[in-house]
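The sequence shown maps to residues -19 to -1, 1 to 259 in mature numbering (1 follows the signal peptide of the UniProt record, and there is no 0). Here is the structure we will look at.
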Amino acid sequence: MKRHRFALLAGGLVCALLAACSSTQIDRGAYIAYTRYHAPSVDSRVRFLVMHYTQSGEARSLAVLTGDDVSVHYVVPDAPRIENGEPVVYQLVPETERAWHAGKSEWQGTTELNAASIGIENVNVGPIDTPQGRTWAPYPPAQVDAIVKLAKDIVTRYKIPPTRVVGHSDIAPQRKIDPGPAFPWRTLYDNGVGAWPDDAMVAQHLAGRDPKSPADVAALQQKLQRYGYEIATDGVLDEKTRRVIAAFQMHFRPADYAGNPDAETDAIAAALLEKYLP
Ligand SMILES: [Zn+2]
């Protein structure tokens, strides 16, 4: 301790004499922060990546997201401008700061995901309801390319594990359905971002069951809870449970996201747990 103090004093003295140590101290007006010593025992604020759709066009999205109520770190246009062969995305908030995109949310036991995540809003109008039924606006290939490049950079820099790349609907399934079943989760996985089950493992967990046959509700609830969702494990197929199952299906089996607890959904959940959270 004494030696440490001496080193500090000596350092200060040398600085005073040489007047050449400005890079190790920051004068903030009323005091000086001395930055010569660095602690390596730290971790990042950012532990999750959350995907959204804007449900409106680019101009309207930017107006809302630079207003007083909500914000997000990145906005990916549906037709990104290309400069030097690279897509241009908007950054509205520095990654070190907390943006207001997730609201009341929970994933893998962490609540209020704004504090611990980076948010990406993708320009996409979401559901399109017609008399013939509901369809979903596609994510164009140029936008998917930009999403992949941005997301890959973020998960690499922050070492975000696959199961922590999530949709707004995953972390707030009772309130949200974005980024929707048209979101390119599989393409992201193929490019090293996020989770996806292996077909062989799904078949193994299906174990000869008819994919559409009913699964045990409590067993499926337990699997979804272990994977990260906020869900009861009481075996009751109520509206809340159906919404969580639908959120999981929109992410991992977008062809059918009706919220039915079927055997294929159960097998996909089991395969994901075996692969990522054994
Ligand atoms: Zn959202």
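Yeah, the Cβ is synthetic: ideal placement off N, Cα and C, and Gly gets one too.
Please say whether residue j and residue i have beta carbons closer to each other than 7 angstroms?
| i | j | result |
| --- | --- | --- |
| P121 | M32 | no |
| V57 | Q124 | yes |
| A196 | D151 | no |
| A181 | P143 | no |
| F229 | L205 | yes |
| W117 | P162 | yes |
| G240 | A251 | no |
| V53 | G100 | yes |
| V70 | L30 | no |
| S25 | Y139 | yes |
| P154 | R224 | yes |
| K133 | V74 | no |
| P61 | A11 | no |
In the DSSP assignment, find the alpha helix (DSSP H) that holds residue i and state where it starts and stops.
| i | result |
| --- | --- |
| W81 | Neither: W81 is in no alpha helix (DSSP H) and is coded neither H nor E. |
| V183 | D180 to L187 |
| D110 | From DSSP, D110 is part of no alpha helix (DSSP H) but of the beta strand (DSSP E) over P108 to T111. |
| H33 | Premise fails: H33 lies in the beta strand (DSSP E), F29 to Y34, not in any alpha helix (DSSP H). |
| V225 | E220 to F233 |
| T116 | T116 -> not in any alpha helix (DSSP H); beta strand (DSSP E) instead, spanning G114 to W117. |
| R168 | The amino acid at residue 168 is misidentified as Arg; the sequence shows Thr. Where T168 is concerned, the enclosing alpha helix (DSSP H) stretches over W166 to D171. |
| L46 | E39 to L46 |
| T137 | P122 to Y139 |
If you draw a straight line from the alpha carbon of residue i to that of residue j, how long is it in whole angstroms?
| i | j | result |
| --- | --- | --- |
| V129 | H82 | 20 angstroms |
| E102 | G114 | 26 angstroms |
| E39 | V147 | 22 angstroms |
| D50 | I158 | 20 angstroms |
| K256 | S98 | 23 angstroms |
| C2 | E76 | Reliability fails at C2, whose pLDDT of 48 lies under 50, so the model's placement of it is uncertain and the value that follows must be treated cautiously. Distance between the alpha carbons of C2 and E76 is about 29 angstroms. |
| N193 | Y208 | It should be pointed out that residue 193 corresponds to Lys in this sequence rather than to Asn. In a straight line, the C-alpha of K193 is about 22 angstroms away from that of Y208. |
| T168 | L201 | 26 angstroms |
| I249 | A20 | 42 angstroms |
| R41 | D179 | 39 angstroms |
| R79 | G189 | 47 angstroms |
| G(-8) | E64 | Note on G(-8): pLDDT 49, under 50, position unreliable in the model; no value is reported. |
| S4 | Y34 | 43 angstroms |
| N95 | H149 | 11 angstroms |
| P242 | D219 | 11 angstroms |
| N105 | R145 | 22 angstroms |
| G90 | Y15 | 37 angstroms |
| E93 | I109 | 30 angstroms |
| R17 | R9 | 16 angstroms |
Provide the residue span of the beta strand (DSSP E) that contains residue i, from first to last.
| i | result |
| --- | --- |
| D8 | Q6 to D8 |
| A14 | I13 to Y15 |
| E102 | S98 to N103 |
| V57 | Y55 to V57 |
For ligand 1, is there a heavy atom less than 6 angstroms away from the beta-carbon of residue i?
| i | result |
| --- | --- |
| D219 | no |
| D159 | yes |
| H232 | no |
| H186 | no |
| H149 | yes |
| H54 | no |
| H33 | yes |
Please name the residue or residues paired with residue i in a DSSP beta bridge.
| i | result |
| --- | --- |
| P195 | D243 |
| Q155 | According to DSSP, which records beta bridges pairwise, Q155 is partnered with nothing at all. |
| E64 | E67 |
| V147 | V31 |
| T91 | W88 |
| Q72 | Y55 |
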